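Comments concern the structure below.
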Amino acid sequence: MKTLYIVRHAKSSWEYQGIEDIDRPLKKRGIKDAHLMSKFLSKKIDRPDVFVSSSANRALHTAVIFCENFEYPLSNLKIRRQLYSFSDGYLVKTVKAFDDGFNSAIIFSHDHGINTFVNKFGNTPIAHVSTCGVIGIQFEEKHWKNIKKGKTFLIENPKNHK
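Next comes the structure, spelled out in structure tokens:
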């Protein structure tokens, strides 16, 4: 069995002029929500075997906070530029390329790709994954490359923990 957690980056800031989208930082609310969700999850689930993040500042900062609260070494955090995409194509490729030695993984990525992925691979329709929302999907397959429709077993978002 393989277990995947997908996290949409926390709330980002639009207040800075002249920076590229990939460089947008988290808002203070986003930082608080990332701590809230990661602390909650670290008590609810076993630490995933591998943490993988988009290279976008907002996703990476969210991932760093989760690493801190899960006591996952930052030096092991994998950063993937291709996850800075708003389709599910690179998300699917990333997941299917995981080493089978990892039984669980957590990915930090972006809105549209996540929404498409969780509805394609999970069994619970989700209209919209909120910022810092976390979706957990379990797959019966032994190999990541063979994942198909899995079972959605976790749907969490910050507003349910405030």
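Numbering (the working numbering), first residue to last: 108 to 269. Backbone N, C-alpha and C define an ideal beta-carbon position, used for all residues, glycine too. These figures come from a predicted structure and were not determined experimentally.
| Query | Result |
| --- | --- |
| As assigned by DSSP and simplified to three states, the class of I254 | coil |
| Cβ pair F173, V114 closer than 9 Å | yes |
| Given V199 as reference, the closest of S120, W251, A117, H235 once Cα atoms are compared | W251 |
| Reference Y123, options P132, E248, P232, closest by Cα | P132 |
| Where the alpha helix (DSSP H) through E225 begins and ends | Just to set this straight, residue 225 is Val in the shown sequence, not Glu. Run containing V225: 218-228, per the alpha helix (DSSP H) assignment. |
| Alpha-carbon to alpha-carbon, S160 and K258 | 23 Å |
| Terminal residues of the alpha helix (DSSP H) in which V171 lies | 164-177 |
| Contact belief for E263 with V241 at Cβ below 8 Å, rounded distance in angstroms | 5 Å |
| Whether G137 touches T110 by CB criterion (9 Å) | no |
| Of the listed residues P180, L181, D207, N164, nearest to L190 (C-alpha basis) | N164 |
| Whole-number beta carbon distance between F246 and M108, since they are thought to touch under 8 Å | 7 Å |
| Three-state class that DSSP yields for T110 in the structure shown | strand |
| Endpoints, beta strand (DSSP E) assigned at I242 | 241-246 |
| Reduced DSSP secondary structure (H/G/I, E/B, other) of K118 | coil |
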